[in-house]
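Colleague: Mapping the sequence shown onto the UniProt record's numbering, position 31 (from 1) lands on 31, and the numbers just tick up by one. All C-beta atoms in this analysis are idealised placements derived from N, C-alpha and C, irrespective of residue type, glycine included. Before I ask anything, let me first share the structure, which is written out below as structure tokens.
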Amino acid sequence: MMHLDLLPRIDADDEDRMLAIYMKNSIDWVVVEYAAYSFSAVVVALYDTLGADSTQYILNQTEMSTIVCTAAELPKLTQICSNCPYLKNVIISGGCTGDAQFEAECDARGAGLNVLHLEIVESEGQKHPMPAEPPTGDDMATIMYTSGTTGDPKGVMLTHAGILTGCSAVKDFCIAGGHPFTSGSVYLSYLPLAHILERASHVHSFSVGSRIGFSQNNPLKLVDDIKALRPTVFVTVPRLLNRIYDSITTKMMNGKKSVAFLFTTGVRVKIRRLRRRAIARHAFWDRLLFRKIRAGLGLDRCEFIISGSAPLAPEVLDFCRIALLATIVEGYGQTETCGGVTATPFHDLSTGFVGTPNTGTEIRLESVPDMGYLVTDRSHGEGSAAVPCMGRGEICVRGPLIFKGYYKQPDKTAEAMDASGWLHTGDVGLWSPLGQLRIIDRKKNIFKLSQGEYVAPEKIENVLVTCPSIAQIFVDGDSFHSHVVAIIIPDEAVIRLVAKANGLLNATFRELCDHDLIRGVVKKEIEEASKRAKLAGFERVREIYLHHELFTVDNELLTPTFKLRRADAQKRFKSEIAHMYELTGDSIVKTIPDIK
1 MMHLDLLPRI DADDEDRMLA IYMKNSIDWV VVEYAAYSFS AVVVALYDTL
51 GADSTQYILN QTEMSTIVCT AAELPKLTQI CSNCPYLKNV IISGGCTGDA
101 QFEAECDARG AGLNVLHLEI VESEGQKHPM PAEPPTGDDM ATIMYTSGTT
151 GDPKGVMLTH AGILTGCSAV KDFCIAGGHP FTSGSVYLSY LPLAHILERA
201 SHVHSFSVGS RIGFSQNNPL KLVDDIKALR PTVFVTVPRL LNRIYDSITT
251 KMMNGKKSVA FLFTTGVRVK IRRLRRRAIA RHAFWDRLLF RKIRAGLGLD
301 RCEFIISGSA PLAPEVLDFC RIALLATIVE GYGQTETCGG VTATPFHDLS
351 TGFVGTPNTG TEIRLESVPD MGYLVTDRSH GEGSAAVPCM GRGEICVRGP
401 LIFKGYYKQP DKTAEAMDAS GWLHTGDVGL WSPLGQLRII DRKKNIFKLS
451 QGEYVAPEKI ENVLVTCPSI AQIFVDGDSF HSHVVAIIIP DEAVIRLVAK
501 ANGLLNATFR ELCDHDLIRG VVKKEIEEAS KRAKLAGFER VREIYLHHEL
551 FTVDNELLTP TFKLRRADAQ KRFKSEIAHM YELTGDSIVK TIPDIK
């Protein structure tokens, strides 16, 4: 690339070289990344699932001239290149795969793009070697764009030193826990490399010479990939562990009665042992049942599992501990922190916490009086559900792994990071008496889904409340589920007109809210409004519940200024929300009994 002048500096002021990578995980992805680093180029990672608007915004903000992709992404670039004045070169990974790709390349060239193949670029580099220009620790390594909830995505600038600090902390953590990464470790790469958790995992693996296998980038074939590779360490997100939990329990409980009985008994015994004695293994039940389950998933060699991006439901965490026979570590972090800043110790078998601070990281809580969270608080919860704590507040992080700022957005950087270098995460947490961190809330009306996507419910509500049939709407979701659902108060006048046209003249409004015909009308309007507003897939409401009473100040679902009381709405409609997730097949069915 250097010989072909594909990595020019942004301007004459000797600014950074930039290279974009826009494709699914592959060996080429990593080769290109580290080749770029060797010449101090900044890698801009784009999710291959990005829409045209976000892709165009990122390419223009970074003034990107060269991008590496596969044939699958080429048509998207051809579509937007007329609106991307800086984009000149497209390097194709994977060779030429047929007539369709040849036509796509012709279309791209016709649109003014210089299309090259990666093997040709590599060949030219071998013929004309150039001395490396290695970066310093303070140099920017990558810009990772966060999935914005409203507005455009933000480019998080991470340095080489920051990334290595985070990986060094993970290395110390694994060594201290007796599970170090080694040259014999085997890692499966399936989370997108545009995500900090996957990038950091690669850096850590390379630092000790671990082996990495790449998935087929097909979620439906992931279990096949795991079985083929049989990884010794598995980095994942709660969404997959939720699926594993549901898959195992459904298969075992719906099979032969004798198998279901053995499974239920084994789970009871092991869960009781786990909760009472903090022991996850059982010689008899593991040999009879759980080793077979583990091997059937391809995890028979797996020593430990790291789950990040969102918290795990306690029942799923406990089940995976006893069924997969692997140590499970939960962590907390953000793109802005180069990945994890806390992790649960290997010996810690409690649930609901995200661990203690990693080495090289400072964490403090800052009171949020408007939400009732104070660093002087000594209990959390109400009544019999109250638990002791050592302060509650917004989680703030400081250390060498903190990002340099948001690319070309100093105002956003100033909002996130104060003058003392503390990153204000927007997450609200508490310290347990044992020094464990627990996530309990968000400072803003934003939540994260189980796959790691952030959702701004007000954005969705503002789109859908324009539907003629909707008077009020409450969109909800959490980190235990992969999509959002909604409580809707229909517009009675509109619904009455629909009912009249369909012969439902004598039904009460409450009866109409329960009628499938009315639900179908509202759902259709929601789908059409979502398409018009170009809501992302994870922002689209999957299931609805029609309620017959308006949200009001008197019923304590609205504030005196008529803003929705989200926490109260969640409590009021708890059972309805749970039922909606059952209808969509995204519920975490509780098959493990309560065992004290």
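Give the straight-line distance between the Cα atoms of V186 and R230, rounded to the nearest whole angstrom.
Modeller: Taking the first residue of the sequence shown as 1, we reach residue 186 at position 186. Taking the first residue of the sequence shown as 1, we reach residue 230 at position 230. Distance between the alpha carbons of V186 and R230: 8 angstroms.
Colleague: At which residues does the alpha helix (DSSP H) containing G383 begin and terminate?
Modeller: As a position in the sequence shown, residue 383 is number 383, starting the count at 1. Neither: G383 is in no alpha helix (DSSP H) and is coded neither H nor E.
Colleague: Got a sec: is the Cβ-Cβ distance from K574 to anything in chain B below 8 angstroms?
Modeller: In the structure shown, chain B does not exist; there is a single protein chain.
Colleague: Tell me the residue span of the beta strand (DSSP E) that contains N89.
Modeller: Locating residue 89 in the sequence shown gives position 89, where the first residue counts as 1. Note, N89: beta strand (DSSP E), N89 to I92.
Colleague: For I577, which three-state DSSP category applies?
Modeller: Taking the first residue of the sequence shown as position 1, residue 577 is located at position 577. Three-state DSSP puts I577 in a helix.
Colleague: For Q334, report the span of its beta strand (DSSP E) as first-last.
Modeller: As a working mapping, residue 334 is identified with position 334 in the sequence shown. Segment T327 to Q334, the beta strand (DSSP E) holding Q334.
Colleague: Once you ignore the five residues that flank residue 605 on each side, which residues in its own chain have a CB closer than 6 angstroms to its CB?
Modeller: Lying before the first or after the last residue shown, residue 605 is absent from the chain, which here runs from 1 to 596.
Colleague: Could you tell me how far apart the beta carbons of L437 and V329 are, in whole angstroms, since I believe they sit closer than 8 angstroms?
Modeller: Taking the first residue of the sequence shown as 1, we reach residue 437 at position 437. Taking the first residue of the sequence shown as 1, we reach residue 329 at position 329. 14 angstroms between Cβ atoms; not a contact.
Colleague: Considering I363, what are the terminal residues of the beta strand (DSSP E) in which it resides?
Modeller: Locating residue 363 in the sequence shown gives position 363, counting from the first residue. I363 -> beta strand (DSSP E) spans E362 to E366.
Colleague: Contact check, V90 vs L118 under 8 angstroms by CB: the rounded distance?
Modeller: Locating residue 90 in the sequence shown gives position 90, where the first residue counts as 1. Locating residue 118 in the sequence shown gives position 118, where the first residue counts as 1. So it is not a contact: roughly 11 angstroms between Cβ atoms.
Colleague: Over what stretch of residues does the alpha helix (DSSP H) that includes W431 continue unbroken?
Modeller: Residue mapping note: residue 431 aligns to position 431 of the sequence shown, counting from 1. From DSSP, W431 is part of no alpha helix (DSSP H) but of the beta strand (DSSP E) over L423 to W431.
Colleague: Assuming Q472 and F538 make a contact with CB atoms under 8 angstroms, what is their CB distance in whole Å?
Modeller: Residue mapping note: residue 472 aligns to position 472 of the sequence shown, counting from 1. Residue mapping note: residue 538 aligns to position 538 of the sequence shown, counting from 1. No, Q472 and F538 are not in contact; Cβ-Cβ is about 23 angstroms, not under 8 angstroms.
Colleague: Using C-beta distances below 8 angstroms, list every residue in its chain close to L505, excluding the 5 sequence neighbours before and after it, in chain order.
Modeller: To locate residue 505, count along the sequence shown from 1; it is residue 505. Taken in chain order, the residues that qualify are A499.
Colleague: With a CB to CB cut of under 8 angstroms and the five nearest residues on each side skipped, what residues in its chain are close to A529?
Modeller: One-based indexing of the sequence shown puts residue 529 at position 529. Within the same chain, A529 has close Cβ partners V463, L464, T466 and C467.
Colleague: Would you report the Cα separation of D48 and L19, rounded to the nearest angstrom?
Modeller: Against the sequence shown, residue 48 aligns to sequence position 48. Against the sequence shown, residue 19 aligns to sequence position 19. Taking C-alpha positions only, D48 is separated from L19 by approximately 15 angstroms.
Colleague: With DSSP as the reference, label L83 as helix, strand or coil.
Modeller: Within the sequence shown, the letter at position 83 stands for residue 83. Residue identity differs from the one stated: residue 83 is Asn in this sequence, not Leu. N83 falls in the helix class under three-state DSSP.
Colleague: Check whether the Cβ atoms of I544 and A486 lie closer than 8 angstroms to each other.
Modeller: Here residue 544 refers to the residue found at position 544 when the sequence shown is read from its first residue. Here residue 486 refers to the residue found at position 486 when the sequence shown is read from its first residue. Yes, the pair counts as a contact, with Cβ atoms nearer than the cut-off.
Colleague: Report yes if the CB atom of L324 is closer than 8 angstroms to the CB atom of A278, and no otherwise.
Modeller: Position 324 of the sequence shown, counting from 1, holds the residue named residue 324. Position 278 of the sequence shown, counting from 1, holds the residue named residue 278. No Cβ-Cβ contact shorter than 8 angstroms links L324 with A278.
Colleague: Determine the direct distance from the alpha carbon of K534 to that of C513, and round the result to whole angstroms.
Modeller: Looking up residue 513 in the sequence shown gives position 513. Looking up residue 534 in the sequence shown gives position 534. Going from the Cα of C513 to the Cα of K534 covers about 27 angstroms.
Colleague: Would you list the one or two residues that DSSP bridges to N114?
Modeller: On the sequence shown, residue 114 is found 114 positions in, with the first residue counted as 1. Its beta-bridge partners are N89.
Colleague: Buried or exposed: which applies to G585, given that a residue is buried once 16 or more other Cβ atoms fall within 10 Å of its Cβ?
Modeller: Here residue 585 corresponds to residue number 585 of the sequence shown, with the count starting at 1. Flag for G585 reads exposed.
Colleague: What did DSSP end up calling T149 once you bin it into helix, strand or coil?
Modeller: Residue 149 sits at position 149 when you count from the first residue of the sequence shown. Low confidence applies here, because T149 scores a pLDDT of 49, under 50, leaving its location unreliable and the question unanswered by this model.
Colleague: Hey, quick one: how far does the beta strand (DSSP E) through C396 stretch, first residue to last?
Modeller: Position 396 of the sequence shown, counted from the first residue, corresponds to residue 396. R392 to R398 is the span of the beta strand (DSSP E), which, as asked, contains C396.
Colleague: Please classify T149 as buried or exposed, where buried requires at least 16 neighbouring CB atoms within 10 angstroms.
Modeller: Numbered from its first residue, the sequence shown carries residue 149 at position 149. Reliability of the predicted coordinates at T149 is poor, the pLDDT of 49 falling under 50, and no value is obtained from them.
Colleague: Let me make sure I understand the geometry here. Which of N83, K24, V541 and E33 has the alpha-carbon closest to that of D53?
Modeller: For the purposes of this step, residue 53 is taken as the residue at position 53 of the sequence shown. Taking each of N83, K24, V541 and E33 in turn and checking the Cα distance to D53, the smallest one comes out for N83.
Colleague: Out of G184, H547 and S205, which has the shortest C-alpha to C-alpha gap to K171?
Modeller: As a working mapping, residue 171 is identified with position 171 in the sequence shown. Distances from the alpha-carbon of K171 to those of G184, H547 and S205 put S205 closest.
Colleague: Determine the extent of the beta strand (DSSP E) in which C69 is found, giving its start and end residues.
Modeller: Within the sequence shown, residue 69 is the residue found at index 69, counting from 1. Annotation: the continuous beta strand (DSSP E) that includes C69 extends over T66 to C69.
Colleague: Within 10 Å of its beta-carbon, does Y34 have 16 or more other beta-carbons around it, so buried, or fewer, so exposed?
Modeller: The residue given as residue 34 occupies position 34 in the sequence shown. Flag for Y34 reads exposed.
Colleague: Evaluate contact between the segment 287-297 and the segment 211-222, counting only Cβ atoms and requiring at least three cross-stretch pairs below 8 angstroms.
Modeller: The segment 287-297 makes no contact with the segment 211-222; the number of CB pairs closer than 8 angstroms stays below 3.
Colleague: Taking P135 as the reference, which of L164, G95 and C338 has the closest Cα?
Modeller: As a working note, residue 135 is residue 135 in the sequence shown. It is L164.
Colleague: Just the Cα atoms here: how many angstroms apart are F263 and M253?
Modeller: Locating residue 263 in the sequence shown gives position 263, where the first residue counts as 1. Locating residue 253 in the sequence shown gives position 253, where the first residue counts as 1. Cα-Cα distance, rounded: 8 angstroms.
Colleague: Can you name the start and end residues of the alpha helix (DSSP H) that V354 belongs to?
Modeller: The residue labelled residue 354 in the question sits at position 354 within the sequence shown. Here V354 belongs to no alpha helix (DSSP H), and DSSP marks it neither H nor E.
Colleague: Near C389, what residues of its chain come up, given a Cβ to Cβ distance below 7 angstroms and the 5 sequence neighbours on each side ignored?
Modeller: If you number the sequence shown from 1, residue 389 lands on position 389. Closer than 7 angstroms at Cβ, skipping near neighbours: D377, R378, S379, H380, L430, W431 and S432.
Colleague: Roughly how many angstroms separate the alpha carbons of G435 and P129, rounded to a whole number?
Modeller: For the purposes of this step, residue 435 is taken as the residue at position 435 of the sequence shown. For the purposes of this step, residue 129 is taken as the residue at position 129 of the sequence shown. Computed Cα separation, rounded: 53 angstroms.
Colleague: List the residues that DSSP assigns as beta-bridge partners of Y454.
Modeller: Mapped onto the sequence shown, residue 454 falls at position 454. Y454 pairs with K448.
Colleague: Three or more C-beta pairs closer than 8 angstroms, one from the segment 336-345 and one from the segment 237-246: is that the case here?
Modeller: no
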